[in-house]
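Asks:
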Amino acid sequence: MANDQDNKLWGGRFTESTDAFVEAFTASVQFDRRLATHDIAGSIAHAKMLAKVGVITTEESRAIIEGLGDILADIEMGQFEWSIALEDVHMNIEAKLTEKIGSVGKKLHTGRSRNDQVATDIRLYLRQEIDTVCLQITELQKTLLQQAKQENDTIMPGFTHLQTAQPVTFGHHMMAWFEMLQRDYERFQDCRKRVNKMPLGAAALAGTTFPIDRVYTAQILEFDEPCLNSLDAVSDRDFAIEFSAAASILMMHFSRFSEELVLWASAQFNFVDIPDRFCTGSSIMPQKKNPDVPELVRGKSARVMGSLTTLLTLMKSQPLAYNKDNQEDKEPLFDTIDTIQGCLRAYNGMMPALKPNRDIMKKAAFQGYSTATDLADYLVKKGIPFRDAHEVVGKSVAYGIEQNKDLSELSLPEIRHFCDKIEQDVFEVLTLDGSVKARDHLGGTAPRQVLIAIENAQRALAKR
Ligand code: ARG
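5 is the number of the first residue of the sequence shown in the numbering used here; add one for each residue after it.
Quick look at the structure:
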């Protein structure tokens with residue numbers, strides 16, 4: 005047999021060469037070489053296990069492990085030549101091993117298949133990237149706690165329908181972001197549990213005839229346990245879908261943070277200053293300072309959500325067990341990881357330097373009759389049913405708009421005109437500080453409560 009198939013690790017049953025286009029079309033090494041270090045770690049563990057159960061000798065195992073170590077060093081130094089003809093990361097490394105150590109290298113693939121190999125590689129890789137993402141989220145949460153502490157009594161307007169609703173504190177707002185990230189963190193941690201199971205040993209789909217010790221291999225690779233069904237182990241990518249879902253939710257949150265920052269940084273709001281180094285200018289309008297970083301993060305949420313759809317659609321209707329379709333799982337997954345890590349990095353740089361404009365936010369809170377609910381609550385405490393109080397306050401606000409005055413700027417006789425139960429003490433509840441201070445319960449915006457929330461959060465983070 006003298007055709008090109010001689011190079012192929014699976015060439016035995018073939019009588020003609022692979023079509024040149026098909027060779028490139030079916031190859032994945034262009035992108036799956038990213039898995040190389042994990043592929044080698046998996047192979048080393050597999051070789052140790054094969055020796056432990058006596059399928060290969062200790063010397064053979066040692067030679068294989070040494071050869072793999074050399075290959076790893078080559079890859080790390082950028083001295084490894086990847087070949088499309090060898091299709092994927094697995095066969096590139098295996099072929100190089102045999103080239104380096106001779107025919108003993110050919111024993112490595114005993115009792116396994118690329119199907120359980122690739123599933124293992126992705127899980128090892130994803131586990132590592134989840135840990136990085138979780139560290140990045142924690143860092144951002146710490147920054148938010150710091151901002152919240154500094155600004156725990158900084159007044160800003162709180163919005164519903166993007167209309168001024170009630171005054172809140174900037175610290176409280178930062179703690180809302182913190183809570184969103186807290187759930188993201190928990191989602192990634194939870195997803196990690198299902199990622200951290202080992203497919204190796206499932207071989208192509210049915211297991212292997214060799215007396216393998218999967219628990220031993222799993223221990224070496226620090227998996228919680230082996231996957232319990234060989235067909236399922238090689239075929240499902242639900243763990244990657246789950247990761248993508250967690251990533252999409254994180255990006256949904258990021259798109260909301262970003263939307264707020266873009267609004268707040270506009271000349272019309274001017275609630276915050278985003279440092280120059282996180283903005284760019286316009287090539288035509290010299291006055292512009294554009295909040296590119298939050299805008300781009302908002303935009304990048306699209307591709308992460310798109311990748312979730314890609315992975316779901318990829319897996320939909322696939323029969324058991326492995327299908328080549330699954331080679332398509334990698335690019336969306338890699339892109340998702342790069343994107344969320346990039347966004348986290350950008351926010352980790354930007355958020356510590358974000359400057360709230362306290363006076364402007366306070367003025368804005370003062371402008372939209374944000375203490376109207378406080379007046380209604382005041383009347384309720386004077387014995388008026390809430391619905392009637394609502395009516396009284398509505399009329400007072402209409403009068404204020406007509407007079408161009410905030411509720412707190414009306415005189416006592418003016419405001420008593422709408423309800424004679426109102427007395428001098430009303431002005432305490434109509435101030436912005438009085439308003440936030442009064443929401444003094446678990447989860448409320450009172451600065452005292454915000455500080456308690458920060459302390460609790462700090463304690464929780466210290467345990468990570
Ligand atoms: N490159 C393949 C993938 O990413 C590896 C597994 C190939 N298995 C096979 N039987 N062709 O899924």
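Glycine is no exception: its CB is placed at the ideal position from the N, C-alpha and C atoms.
Cα-Cα, which of Leu232, Val301 and Ser65 is closest to Leu265?
Replies: The candidate whose alpha carbon is nearest that of Leu265 is Val301.
Asks: So what's Ile216 in DSSP terms, helix, strand or just coil?
Replies: Coil at Ile216, not helix or strand.
Asks: Could you tell me whether the segment 383-394 touches the segment 176-183, using the rule of 3 or more Cβ pairs below 8 Å?
Replies: The answer is no - the segment 176-183 does not touch the segment 383-394, with fewer than three Cβ pairs under 8 Å.
Asks: Tell me which residue opens and which closes the beta strand (DSSP E) that Gln170 is part of.
Replies: Element bounds for Gln170: Gln167 to Thr173.
Asks: With respect to 7 Å, is the separation between the Cβ of Lys328 and the closest non-hydrogen atom of the ligand ARG below this value?
Replies: Correct: Lys328 has its Cβ closer than 7 Å to the ligand ARG.
Asks: Going by other Cβ atoms of all chains shown within 10 Å of its Cβ, with 16 needed for buried, is Ala6 buried or exposed?
Replies: Low local confidence applies: a pLDDT of 38 at Ala6 is under 50, so the model's placement there is unreliable, with the coordinate-based value given in what follows. Counting Cβ neighbours within 10 Å, Ala6 comes out exposed, since fewer than 16 surround it.
Asks: Would Ala357 and Pro451 be called neighbours here (beta carbons separated by less than 8 Å)?
Replies: Cβ distance not < 8 Å, so Ala357 and Pro451 don't count as in contact.
Asks: From which residue to which residue does the beta strand (DSSP E) around Met309 run?
Replies: Element bounds for Met309: not the beta strand (DSSP E) but the alpha helix (DSSP H), Asp296 to Met319.
Asks: Given 7 Å as the limit, tell me if Asp339 has its C-beta closer than that to any heavy atom belonging to the ligand ARG.
Replies: Outside the cutoff, so no.
Asks: Going by DSSP, what residue range makes up the alpha helix (DSSP H) through Ile159?
Replies: Unbroken run through Ile159 is the beta strand (DSSP E), Ile159 to Thr164; no alpha helix (DSSP H).
Asks: Measuring CB atoms only, is the segment 237-246 touching the segment 315-322, in the sense that at least three cross pairs come out at less than 8 Å?
Replies: Yes, they touch.
Asks: Residue range of the alpha helix (DSSP H) that Val122 falls in?
Replies: Note, Val122: alpha helix (DSSP H), Arg118 to Gln154.
Asks: From the DSSP output, which residues share a beta bridge with Asp277?
Replies: Looking at the DSSP assignment, Asp277 forms a beta bridge with Lys359.
Asks: Taking DSSP's pairing of strands, which residues face Thr19 in a bridge?
Replies: Thr19 pairs with nothing; no bridge assigned.
Asks: Assign Ser270 to buried or exposed, taking buried as 16 or more other Cβ atoms, counted over all protein chains shown, within 10 Å of its Cβ.
Replies: By the 10 Å Cβ count, Ser270 comes out exposed.
Asks: For Asp120, I'd like the list of residues in its chain whose CB is within less than 6 Å of its CB, leaving aside the five on either flank, ordered along the chain.
Replies: Excluding positions up to five away in sequence, the list reads Pro203, Leu204, Ala206, Ala207 and Val238.
Asks: Can you tell me whether DSSP reads Met202 as helix, strand or coil?
Replies: Strand, per DSSP.
Asks: Less than 8 Å between the CB atoms is what I'm expecting for Ala28 and Ile88, so what's the real figure, rounded?
Replies: At roughly 6 Å, the Cβ-Cβ gap stays under 8 Å, so Ala28 and Ile88 are in contact.
Asks: Just to confirm, are Ser248 and Ser311 a CB contact at a threshold of 8 Å?
Replies: Their beta carbons are under 8 Å apart, which means Ser248 touches Ser311 by this criterion.
Asks: When we look at the beta-carbon of Val122 and count the other beta-carbons within 10 Å, is it buried (16 or more) or exposed?
Replies: It is buried - the Cβ of Val122 has at least 16 other Cβ atoms within 10 Å.
Asks: Please determine whether the Cβ atom of Lys334 lies at a distance below 7 Å from any heavy atom of the ligand ARG.
Replies: It does: the Cβ of Lys334 is within 7 Å (strictly closer) of some heavy atom of the ligand ARG.
Asks: Which stretch, first to last residue, makes up the alpha helix (DSSP H) that contains Cys231?
Replies: Careful: Cys231 lies outside any alpha helix (DSSP H) and carries neither H nor E.
Asks: What did DSSP end up calling Thr221 once you bin it into helix, strand or coil?
Replies: Helix.
Asks: What three-state label does DSSP hand Met5 in the structure shown?
Replies: Residue placement at Met5 cannot be trusted, given a pLDDT of 34 that sits under 50; the coordinates are not used to answer.
Asks: Going by DSSP, what residue range makes up the alpha helix (DSSP H) through Ser47?
Replies: First-last of the alpha helix (DSSP H) with Ser47: Ala40 to Lys56.
Asks: Compute the Euclidean distance between the alpha carbons of Leu267 and Phe275, then round it to the nearest angstrom.
Replies: Going by the C-alpha atoms only, they are around 9 Å apart.
Asks: Taking the alpha-carbon of Glu64 as reference, which of Pro215, Leu149 and Ile105 has the nearest alpha-carbon?
Replies: Nearest C-alpha to Glu64: Ile105.
Asks: Which one or two residues does DSSP pair with Thr284 in a beta bridge?
Replies: Looking at the DSSP assignment, Thr284 forms a beta bridge with Asn294.
Asks: Identify whether Cys423 lies in helix, strand or coil by the three-state DSSP scheme.
Replies: Looking at Cys423 - three-state DSSP - the assignment turns out to be coil, as it is neither helix nor strand.
Asks: In this structure, how does DSSP classify Ala207 when only helix, strand and coil are distinguished?
Replies: It is coil, neither helix nor strand.
Asks: At which residues does the alpha helix (DSSP H) containing Val1 begin and terminate?
Replies: There is no way to answer for residue 1, as the model of the chain reaches only from 5 to 468.
Asks: What first and last residue would you give for the alpha helix (DSSP H) that runs through Pro336?
Replies: Its alpha helix (DSSP H) spans residues Lys334 to Met354.
Asks: Helix, strand or coil for Ser107, going by three-state DSSP, please let me know.
Replies: Of the three classes helix, strand and coil, the one that applies to Ser107 here is helix, per DSSP.
Asks: Shortest alpha-carbon distance to Thr147 belongs to which of Asp23, Val57, Met355 and Glu432?
Replies: The candidate whose alpha carbon is nearest that of Thr147 is Met355.
Asks: Going by other Cβ atoms of all chains shown within 10 Å of its Cβ, with 16 needed for buried, is Lys467 buried or exposed?
Replies: Burial call: exposed.
Asks: Can you list, in chain order, the residues of its chain whose CB lies under 8 Å from that of Gln154, leaving out five sequence neighbours each side?
Replies: Closer than 8 Å at the Cβ level, and outside the excluded window around Gln154, lie Gly175.
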